[in-house]
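Report on the following structure.
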Amino acid sequence: MTRLTGSMIVLLAAVAAASAAPVKTAPKFYRDDPVVRAIETQDAAKAQERDISAYYDALINLFGRPGAQTVDRAESVNTIDEVPDSSWFTNRAGVRPVTADEMLRGVNDDTGPASGKWLVSRKAGGASAGITIEDERGKTYFVKFDPPGHPELGSASEAIVTRLFHALGYHVPQANIAILRREQLVIGPNATVRLPSGRRRPMRPSDIDEVLKVAHQDPDGSYRAIASEGLPGKPLGGFKYEGTRPDDPNDVVSHEHRRELRGLRVFSAWVNHTDAKALNSLDTLISENGRSLVRHHLIDFNAALGSAGIGLRDRRDGYEYLYEVGPSMRALPAFGFRPRAWMTIDYPEFRGVGRFESTRFVPEEWRPRVPNPAYVRSRPDDTFWAARKLMALSDDAIRSAVKAGRLTDTRAEQFLAQALIERRNKIGGAWLTKVNPVVDPAQRTARSRSGMLPCNTALR
Amino acid sequence: MRRNLSCVALLVLLASSAAAQRPETRAEELAFKQKEKAARNEGSPPNFFEKRLLALERAGGLGVSSGWFVTFGDIKSGSGLALGPAYGKLFDNGALVHLKGAYSIRNFKMAQLTLQAPPLVSGRLAVNGRVRWQDAPTLAFYPTGTNSPKTRFDFSETTSEVSGRAIFRPIPFARFGGGVSYEDFDTTHVTLKSPPAEASFDLVFVPGSGADPTYVHSHASAAFDSRDGLGYTRRGSLLSATLHDYHQRNGDGLSFQRVDATAEQYLPILHGNWVIYVGLRASTTNTSDGNVVPFFLMPQLGGNDLRGFSSYRFRDRHSLLFTAEYRWYVQEFVDMAIFYDAGKVTSQRSQLDFDGLKSSVGAGIRFHGPETTAVRLEVAHSREGWRLIFGFSPVGGR
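Protein chains in written order, with my numbering: chain A, 4 to 463; chain B, -18 to 379.
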């Protein structure tokens, strides 16, 4: 055997070994498909708190198109087009029935701050009047009050929508209605107030009075508020709806390509949550199995269901972006005599219900205040996924969520529940029919007849 | 040849080894991506614009005049487009110091320091003071009266002012104000700019021409104000009256009193997407024996009110202005409007009626915030021609 022949044998052996290895292109299916849980494997302890500019976020989304320019299939889905559980989402509605009791309960068994003294630690930022308190059990809550002249409006919206979004699968804080009196509020030992210079000074009783001055007070002297339980973990600021969080190694799917964020368009349309923006989200650093992980939450739902948190929502909200060229150009020369459809809607007036109705609602035409990078990239398969989740919520479950808003006018409660049911049905009619509705394929067992057993969502 | 074959074999083996490390499960694939991102340790600090906007938000947002910024307008009608630097500082107790200067395309200049006290009486009482210097090198003067010829004279005016004032709002719709200021005027004689053939105006009768009076100017006001915003209004009413007393300190003959009265109504239609505005404003002056009202402090019309006419086109002892406007929603923060203005000036109070009004019509676009009018761009027409108006304040009373 010559040396040349020896080399030939080595080469052949190498080729044989290479041919035995997996093919170079990634396989379409792996043996663990479809995954039901996207596991975060890396430690995110280095994630830092960050601020997001509300102005920049609004401007870049109104006048630009942040994020990837291509609109492909959502990337956070498994091989049967479902969203696996993750730090973003936990499948609830649609994979199992959500009972009325479960809906009323919300995220957990917490029912709000304990009665007695509440230690105020700081004033909240944002448009709504609010404070951070600690109850006698030592639990922390963020308390936001209803705006003057609009009793029950913001608090009911937050209590209801938090429960609905939790049932749909999002991470949200537990939020309960709380009734309090001024005497309950005591300044905490380390309570401070931020001054215009950026310095902080000890809180004074007048600081609490100032907050309550822009809160609705009932004739009996009490205040109604929404008390949101403090989220576990270290707050890291909000998440943007495009790109990924740079300091979170587990955040590898661009947010505009996440199915659960694209599908949020459908859920937001349902409850007219027009303000789903970076500032109304919160990432927290939690510890799980000895690793630090970033969990992504949606927060601040007091500006939904026709509420703007500080009053009634603008009539335009839900119908046009803050800046939209087409309708403006048509309005310029028309002297206003061609009113837009949303200008002519008459909303029923109930205590605690904002500008919310179902008869004029057209799901596909719904708009948030500012274009959302994930929403604008939503495809029929994304909205179909969300519509399926939504249709899985029963009438009873929806009524139960509305009950959590503790509206004192029973007509208001009935109206709101009915409007939500009708809007849900409109969404089903609009988005379940846009793609092939066959879902949930399951292979028959050997004892049954052979073949697949699909489910037609449109018929369910 | 043998060496070449060995190299190829080695490469193929390495490649096969790498392929063997490829993920075999979806979980491994995801873990690989996460590990890869962790290794990159990428950072993405906010870009320049986001950083600047974040700093602005931390300072209190657009509504708070903190730090350095650019100020527009606010010199004097007729200055043309003006801008300049401004600096504001909001103190921890709520007090505000505001310093600004401006320069216009017509060489008008202004410098002003404003001090605003912290909110008093639970925010119901606002007290502020200011020091202001203003130079208007070329201002228009047309002969007094509504039917005066369009013969333009020029004069210059330099004003220095130290003032203080307070506004008290005991209940939501009521407003009372008062203040006093020391005002020093330095003016030149009116001179004919471009004498037309028919000009026959006798300059001897221009009261206060070339005068340099110094005044102690005190004023008091009362108002019923139910408007939903002072800088941008969609509904509500305004009824206000202000009494001024100009007491000359450096001589005699130019002391006078002046009363300004305003009535406005904003009528929202279609939930406020259309707004009809009607406003009536009257100004009248009063003098004791031996005194006259200097022409540069007379009630005047033109420019920003009787918009089809030049700034200061009409002036006399008394004035009346009626404005009607229809405004419609184009876009959030953008309105279109058509308007009609009519007014007159008279030398006798008894002539303040609706006869012989000069009128103008026009249309415009407004860019505004929830409670402020940022820019008004309007085109107006009258018998004296077309005018382009560029304003930084609302049409109605402030």
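In this text, a Cβ means the ideal position worked out from N, Cα and C, and glycines have one as well. Quick caveat, the model's predicted, so the values are computed rather than measured.
Item: Kindly list, in the order they appear in chain B, the residues whose Cβ is closer than 7 Å to that of N253 (chain A).; Value: Q15
Item: Can you round the beta-carbon distance between I346 (chain B) and V315 (chain B) to whole angstroms, since I take them to be within the 8 Å contact cut?; Value: 7 Å
Item: Could you work out which residue in A:K406, A:D412 and A:T413 is closest to E105 (chain A) when comparing CA atoms only?; Value: A:K406
Item: Using a C-beta cutoff of 9 Å, does R265 (chain A) count as contacting chain B?; Value: no
Item: Measure the alpha-carbon distance for H79 (chain B) versus Y68 (chain B) and round it to whole angstroms.; Value: 6 Å
Item: Which residues, taken in chain order from the stretch 272 to 300 of chain A, show a beta carbon closer than 8 Å to some beta carbon of chain B?; Value: none
Item: Output, in sequence order along the chain, the residues in the stretch 35 to 53 of chain A whose CB is closer than 9 Å to any CB in chain B.; Value: D35, D36, P37, V38, R40, A41, I42, E43, T44, Q45, D46, A47, K49 and R53
Item: From S89 (chain A) to D286 (chain A), what distance separates their C-alpha atoms?; Value: 13 Å
Item: Taking 9 Å as the threshold (C-beta atoms), are R230 (chain B) and L173 (chain B) in contact?; Value: no
Item: Residues of the stretch 54 to 70 of chain A with a CB closer than 7 Å to any CB of chain C: list them in chain order, please.; Value: Here the protein chains are A and B, and chain C is not one of them.
Item: Could you give the distance in angstroms between the alpha-carbon of L393 (chain A) and the alpha-carbon of V98 (chain A)?; Value: 12 Å
Item: Find the residues of chain A that neighbour A8 (chain B), judging by a C-beta separation of less than 9 Å, and give them in chain order.; Value: Y33, D35, V38, R40, A41, I42 and T44
Item: For a contact defined as C-beta to C-beta under 9 Å, what are the partners of G141 (chain A) on chain B?; Value: The premise fails here: G141 (chain A) is roughly 31 Å from chain B at the closest Cβ pair, so nothing lies under 9 Å.
Item: Determine whether the beta carbon atoms of G337 (chain B) and L302 (chain B) lie at a separation below 9 Å.; Value: no
Item: At a CB-CB cut-off below 7 Å, which residues of chain B make contact with R318 (chain A)?; Value: H252
Item: Cβ of D317 (chain A) within 9 Å of Cβ of R354 (chain A)?; Value: no
Item: CB I370 (chain B) to CB N272 (chain B), shorter than 9 Å?; Value: no
Item: List, in order along the chain, the chain B residues whose C-beta lies closer than 8 Å to that of R202 (chain A)?; Value: D73
Item: Would you say E5 (chain B) lies against chain A (beta-carbon separation less than 9 Å)?; Value: yes
Item: Please decide whether P25 (chain A) counts as near chain B, where near means a Cβ-Cβ distance under 9 Å.; Value: Because P25 (chain A) carries a pLDDT of 45, less than 50, the predicted location of this residue cannot be relied on, and no value is offered for it.
Item: Just confirm the distance between the C-beta atoms of L335 (chain A) and M317 (chain B), as a whole number of angstroms; I'd bet it's less than 8 Å.; Value: 6 Å
Item: Buried or exposed, going by whether 16 or more other CB atoms sit within 10 Å of the CB of L101 (chain B)?; Value: exposed
Item: Suppose you measure from the CA of I289 (chain A) to the CA of Q51 (chain A); what does that come to, to the nearest Å?; Value: 12 Å
Item: May I ask you to report which of helix, strand or coil DSSP gives V376 (chain B)?; Value: coil
Item: Does F373 (chain B) come within less than 9 Å of chain A when only Cβ atoms are used?; Value: no
Item: Which of the three DSSP states is assigned to A24 (chain A) in this structure?; Value: Here A24 (chain A) scores only 46 on pLDDT, less than 50, and its place in the model is too uncertain to base an answer on.
Item: Taking the continuous beta strand (DSSP E) assigned at V146 (chain A), which residues delimit it?; Value: T143 to F148
Item: Going along chain A in order, which residues have a C-beta closer than 7 Å to the C-beta of F30 (chain B)?; Value: Y59
Item: Does any residue of chain B bring its CB to less than 9 Å from the CB of S310 (chain A)?; Value: no
Item: Within the same chain, show all residues whose beta-carbon is closer than 6 Å to that of E359 (chain B), passing over the 5 residues directly before and after it, in chain order.; Value: G343, G345 and I370
Item: First and last residue of the alpha helix (DSSP H) that includes A132 (chain A)?; Value: First-last for A132 (chain A): undefined, no H or E at that position.
Item: For R372 (chain A), count neighbouring Cβ atoms within 10 angstroms of its own Cβ and tell me buried if that reaches 16, exposed if not.; Value: buried
Item: In three-state DSSP terms, what is F136 (chain B)?; Value: strand
Item: So, helix, strand or coil for M91 (chain B), using DSSP?; Value: strand
Item: Would a check of beta-carbon distances place V240 (chain B) closer than 9 Å to chain A?; Value: no
Item: Are R265 (chain A) and R391 (chain A) close, meaning C-beta to C-beta below 9 Å?; Value: no
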